[in-house]
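> Going by my numbering, 345 is the number at position 324 of the sequence shown; the sequence numbering is gapless. A virtual CB, placed ideally from N, CA and C, is assigned to each residue, including glycine. The structure presented is a predicted model; accordingly, all values stated were derived computationally and were not measured. Attaching a single structure in structure tokens format; questions to follow.
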Amino acid sequence: MDKLNQVLLHPKNRVGADLDAWLSYVGGDGLQVALQDPSALVGLIKEAHLPGLGGSGFPVHIKWAAVAEQKKAVDKYLICNGNEDEPGTFKDRMLLEETPHQIIEGATIAALATGINQIVFYINPDLDGCIEAMCVAVAQWQASELVEKVAAALKKPLTYRVMPSSGHYIGGEETAAIESVEGKFPFPRGKPPYPAQYGVHGCPTLVNNMETMANVTHLVRNGVQWFKDQGIGKASGTKIFCLSGDVLRPGAYELPMGTPLEDLIYKYGGGVLLGKKLKAVFTGGPSNTILTPKDLDVPLDFDSVRERRSSLGTGAMIVISEGTGIVKRVSEYVDFFAHSSCGQCPSCKTGTYYISQLLGKIDTGRGRQADLDSLENLCEILPGSGRCHLLDGAVKVLESSLYHFKDEYEQALRR
Ligand SMILES: Cc1cc2nc3c(=O)[nH]c(=O)nc-3n(C[C@H](O)[C@H](O)[C@H](O)COP(=O)(O)O)c2cc1C
Numbered sequence: 022m023d024k025l026n027q028v029l030l031h032p033k034n035r036v037g038a039d040l041d042a043w044l045s046y047v048g049g050d051g052l053q054v055a056l057q058d059p060s061a062l063v064g065l066i067k068e069a070h071l072p073g074l075g076g077s078g079f080p081v082h083i084k085w086a087a088v089a090e091q092k093k094a095v096d097k098y099l100i101c102n103g104n105e106d107e108p109g110t111f112k113d114r115m116l117l118e119e120t121p122h123q124i125i126e127g128a129t130i131a132a133l134a135t136g137i138n139q140i141v142f143y144i145n146p147d148l149d150g151c152i153e154a155m156c157v158a159v160a161q162w163q164a165s166e167l168v169e170k171v172a173a174a175l176k177k178p179l180t181y182r183v184m185p186s187s188g189h190y191i192g193g194e195e196t197a198a199i200e201s202v203e204g205k206f207p208f209p210r211g212k213p214p215y216p217a218q219y220g221v222h223g224c225p226t227l228v229n230n231m232e233t234m235a236n237v238t239h240l241v242r243n244g245v246q247w248f249k250d251q252g253i254g255k256a257s258g259t260k261i262f263c264l265s266g267d268v269l270r271p272g273a274y275e276l277p278m279g280t281p282l283e284d285l286i287y288k289y290g291g292g293v294l295l296g297k298k299l300k301a302v303f304t305g306g307p308s309n310t311i312l313t314p315k316d317l318d319v320p321l322d323f324d325s326v327r328e329r330r331s332s333l334g335t336g337a338m339i340v341i342s343e344g345t346g347i348v349k350r351v352s353e354y355v356d357f358f359a360h361s362s363c364g365q366c367p368s369c370k371t372g373t374y375y376i377s378q379l380l381g382k383i384d385t386g387r388g389r390q391a392d393l394d395s396l397e398n399l400c401e402i403l404p405g406s407g408r409c410h411l412l413d414g415a416v417k418v419l420e421s422s423l424y425h426f427k428d429e430y431e432q433a434l435r436r
């Protein structure tokens, strides 16, 4: 097996909440570079093409630049998003528990770049040990002279706060996270205004994922060319892929961005369980278009997966083998989305509920042709009618299962 390209998950970085151990290896170097010229940081992130790793792949520099532009604001917030509640996604919990300092360093560099003075680590309380590790790590930073140097550069005090999220999946959506930080139920907000203009308590707010923050530390330390060299082809950096489902060696694999799907499943994951044939891969967590064996050659980076009309999402890859019923799996995922809907948008609440009912009927052999027709109709009318991406994600996975595996739905009707 090829060597894993471990940067974030390099064993020497996995020192837990021990600041001295972190600083004795690569820790602190990125921050020193950042302190030399904070005004160059947004440009550096832009040149490196760092994508947001929380699911969308949205270019990080665009949000950073938008927050940095807000020069008059007294307070600016950074929410480091560790809500991680999506099925099949388990990367942020590893970073939080095993390497909290590289996240804090990346967040501190982001603060320097954008003039942020309030950093909130927003963490799902169901991720065992993560809040505890982060609290210990943050206390060590607060007692260190590193923070004083940053505050001097910012010309204002820098505060860190560790906050448990509500644990709801929807609470990970960026505007819902803002509501949560304000102490409210995580209902997503309509956009615009965007968080960079009007976020926590009306202040400019940046929301970035934990893996994104951890990458910043190494990118700034090692430079743009190094970062580009970590990826394959046009892709830059590494990605933590969460491999699960019917695969021999499930787990979190940090690999070059752009690693082919086939390598992830067969070379690193040991192939499909019991030597069975691959049937499908739910990506992202399961809120994207399903990949099939025809897509085994796809390089796992945001652009390449998008060209296959799917999305890399969080990097979760849930492997499904021949013999596993697709209708049941889709039904389970849609149940999750229906259960997670915040209820604010009627189309989402009733739409996901209705889809879940229809799928349950069909999967248990009680369905009729009219139910299948209704599902197809819902795929046409629902997308774009919710405030956030939850409803669209549920529809995407349903729609692509109907496209690739319609025969299984029809078989279920005949049962
Ligand atoms: C329903 C829903 C749940 C989400 N959950 C998370 C999450 O748990 N963690 C996360 O980083 N992003 C999550 N996102 C994406 C965020 O809205 C946002 O794009 C992300 O935190 C930005 O960070 P990035 O630019 O570093 O990717 C979610 C989005 C939606 C629609």
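Whose C-beta lies closer than 7 Å to the C-beta of glycine 136 among residues of the same chain, with five residues either side of it excluded?
Mapped onto the sequence shown, residue 136 falls at position 115. Excluding sequence neighbours, glycine 136 sits near Ala89, Lys97 and Leu175.
> Which residues bound the alpha helix (DSSP H) around tyrosine 354?
The residue you call residue 354 lines up with position 333 of the sequence shown. Tyrosine 354 -> alpha helix (DSSP H) spans 347-361.
> Scan the region 183-220 and note each continuous beta strand (DSSP E) run of 3 residues or more that stays entirely inside, going in chain order.
Taking only runs of at least 3 residues, no beta strand (DSSP E) segment lies wholly in the region 183-220.
> For the candidate residues Gly272, Asn102 and Leu411, whose alpha-carbon lies nearest to that of isoleucine 339?
For the purposes of this step, residue 339 is taken as residue 318 along the sequence shown, with counting starting at 1. Looking at the Cα atoms, Gly272 is the closest of the given residues.
> Can the beta-carbon of asparagine 102 be found closer than 8 Å to that of glycine 75?
What you label residue 102 is simply residue 81 of the sequence shown in a count that begins at 1. What you label residue 75 is simply residue 54 of the sequence shown in a count that begins at 1. It is a contact, given that the beta carbons lie within the stated cut-off.
> Just the Cα atoms here: how many angstroms apart are glycine 244 and aspartate 384?
Translated into the one-based positions of the sequence shown, residue 244 becomes position 223. Translated into the one-based positions of the sequence shown, residue 384 becomes position 363. Each residue's alpha carbon lies about 52 Å from the other.
> Rounded to a whole number of angstroms, what is the C-alpha to C-alpha distance between serine 186 and arginine 435?
Start at 1 with the first residue of the sequence shown, and residue 186 comes out as number 165. Start at 1 with the first residue of the sequence shown, and residue 435 comes out as number 414. Approximately 45 Å between the Cα atoms of the pair.
> Determine the direct distance from the alpha carbon of leucine 379 to that of glutamate 429, and round the result to whole angstroms.
Position 408 of the sequence shown, counted from the first residue, corresponds to residue 429. Position 358 of the sequence shown, counted from the first residue, corresponds to residue 379. Approximately 15 Å, taken between the alpha carbons.
> Among Gly291, Lys288, Leu282 and Leu295, whose alpha-carbon lies nearest the alpha-carbon of phenylalanine 303?
Taking the first residue of the sequence shown as position 1, residue 303 is located at position 282. Closest option to phenylalanine 303, Cα to Cα, is Leu282.
> What's the gap between the Cα of glutamate 169 and the Cα of threonine 180?
Walking along the sequence shown from the start, residue 169 turns up at place 148. Walking along the sequence shown from the start, residue 180 turns up at place 159. C-alpha separation (whole angstroms): 11 Å.
> Using DSSP with H/G/I as helix, E/B as strand and the rest coil, what is alanine 154?
Counted from its first residue, the sequence shown places residue 154 at position 133. Helix, per DSSP.
> Verify whether the separation of the beta carbon atoms of serine 265 and glycine 414 is less than 8 Å.
Taking the sequence shown and counting its residues from 1, the one referred to as residue 265 is at position 244. Taking the sequence shown and counting its residues from 1, the one referred to as residue 414 is at position 393. Cβ distance not < 8 Å, so serine 265 and glycine 414 don't count as in contact.
> Counting only runs that start and end within the region 127-182, where is the beta strand (DSSP E) found for 3 or more residues in a row?
Segments of the beta strand (DSSP E) lying fully in the region 127-182: 139-144.
> Taking 8 Å as the threshold (C-beta atoms), are valine 81 and threonine 196 in contact?
One-based indexing of the sequence shown puts residue 196 at position 175. One-based indexing of the sequence shown puts residue 81 at position 60. Result no, Cβ atoms of threonine 196 and valine 81 do not sit closer than 8 Å.
> Would you decide whether asparagine 398 is buried or exposed? Buried here means 16 or more other CB atoms lie within 10 Å of its CB.
The residue given as residue 398 occupies position 377 in the sequence shown. That one is exposed.
> To which residues of the same chain is lysine 33 closer than 8 Å at the C-beta, ignoring the five residues directly before and after it?
Reading the sequence shown from its first residue, position 12 is the one you call residue 33. Once the five neighbours on either side are set aside, the close Cβ partners of lysine 33 are Tyr46 and Val47.
> Tell me whether leucine 116, by its Cβ, gets closer than 7 Å to a heavy atom of ligand 1.
Your numbering for residue 116 matches position 95 in the sequence shown. No; taking the cut-off as 7 Å, the Cβ of leucine 116 has no heavy atom of ligand 1 nearer than that.
> Is asparagine 230 close to ligand 1? I mean its beta-carbon at under 7 Å from any heavy atom of the ligand.
By 1-based counting over the sequence shown, the position of residue 230 is 209. Yes, ligand 1 has a heavy atom inside 7 Å of this Cβ.
> Let me know if phenylalanine 206 comes out buried or exposed under the rule of 16 or more other beta-carbons within 10 Å of its beta-carbon.
Position 185 of the sequence shown, counted from the start, is the residue given in the question as residue 206. Phenylalanine 206 is exposed by the Cβ-count criterion.
> How about glutamate 105: is its Cβ closer than 7 Å to a heavy atom in ligand 1?
Indexing the sequence shown from 1 puts residue 105 at position 84. Glutamate 105 Cβ: within cutoff of ligand 1.
> Per DSSP, which one or two residues make a beta bridge with asparagine 229?
For this step, residue 229 is matched to residue 208 along the sequence shown. For asparagine 229, which the question treats as bridged, DSSP gives the partners Cys101.
> Using alpha carbons as the reference points, say which of Val418, Ser362, Ile286 and Tyr424 lies closest to isoleucine 191.
Translated into the one-based positions of the sequence shown, residue 191 becomes position 170. With distances taken between Cα atoms, isoleucine 191 lies closest to Ser362.
> Nearest to lysine 288 by CA position, among Asn138, Leu295 and Val268, is which residue?
If you number the sequence shown from 1, residue 288 lands on position 267. Comparing Cα-Cα distances from lysine 288 to each of Asn138, Leu295 and Val268, the minimum goes to Val268.
> With a Cβ-Cβ cutoff of 8 Å, do lysine 300 and serine 342 count as a contact?
The residue you call residue 300 lines up with position 279 of the sequence shown. The residue you call residue 342 lines up with position 321 of the sequence shown. Against a cut-off of 8 Å, the Cβ pair of serine 342 and lysine 300 comes out as a contact.
> Within this structure, are the beta carbons of phenylalanine 323 and glycine 78 separated by less than 8 Å?
Residue 323 sits at position 302 when you count from the first residue of the sequence shown. Residue 78 sits at position 57 when you count from the first residue of the sequence shown. Against a cut-off of 8 Å, the Cβ pair of glycine 78 and phenylalanine 323 comes out as a contact.
> In three-state terms, what does DSSP make of serine 342?
Position 321 of the sequence shown, counted from the first residue, corresponds to residue 342. Correct three-state label for serine 342: strand.
> Using the three-state DSSP reduction, which class does glutamate 275 fall into: helix, strand or coil?
Taking the first residue of the sequence shown as position 1, residue 275 is located at position 254. DSSP places glutamate 275 in strand when its eight states are reduced to three.
> Go ahead and pull the three-state DSSP assignment for glutamine 378.
The residue you call residue 378 lines up with position 357 of the sequence shown. Helix at glutamine 378.
> Looking at serine 187 and ligand 1, is the gap between the Cβ and the nearest heavy atom below 7 Å?
Here residue 187 is taken as the residue at index 166 of the sequence shown, counted from 1. Serine 187: no, Cβ never under 7 Å from ligand 1.
> Is glycine 19 buried or exposed, if buried means 16 or more other CB atoms sit within 10 Å of its CB?
Residue numbering for the chain in the displayed model covers 22 to 436; residue 19 lies beyond these limits and cannot be assessed.
> Taking the alpha helix (DSSP H) that phenylalanine 262 falls in, what are its first and last residues?
Residue 262 sits at position 241 when you count from the first residue of the sequence shown. Element bounds for phenylalanine 262: not the alpha helix (DSSP H) but the beta strand (DSSP E), 259-266.
> So isoleucine 100 and valine 228 are in contact, right, with Cβ under 8 Å, and what is the actual spacing, rounded?
For the purposes of this step, residue 100 is taken as residue 79 along the sequence shown, with counting starting at 1. For the purposes of this step, residue 228 is taken as residue 207 along the sequence shown, with counting starting at 1. The Cβ separation is near 5 Å, so the contact holds.
> Where do the N-terminal and C-terminal ends of the beta strand (DSSP E) with lysine 315 fall, by residue?
Reading the sequence shown from its first residue, position 294 is the one you call residue 315. It is not in any beta strand (DSSP E) - lysine 315 carries neither H nor E in the DSSP assignment.
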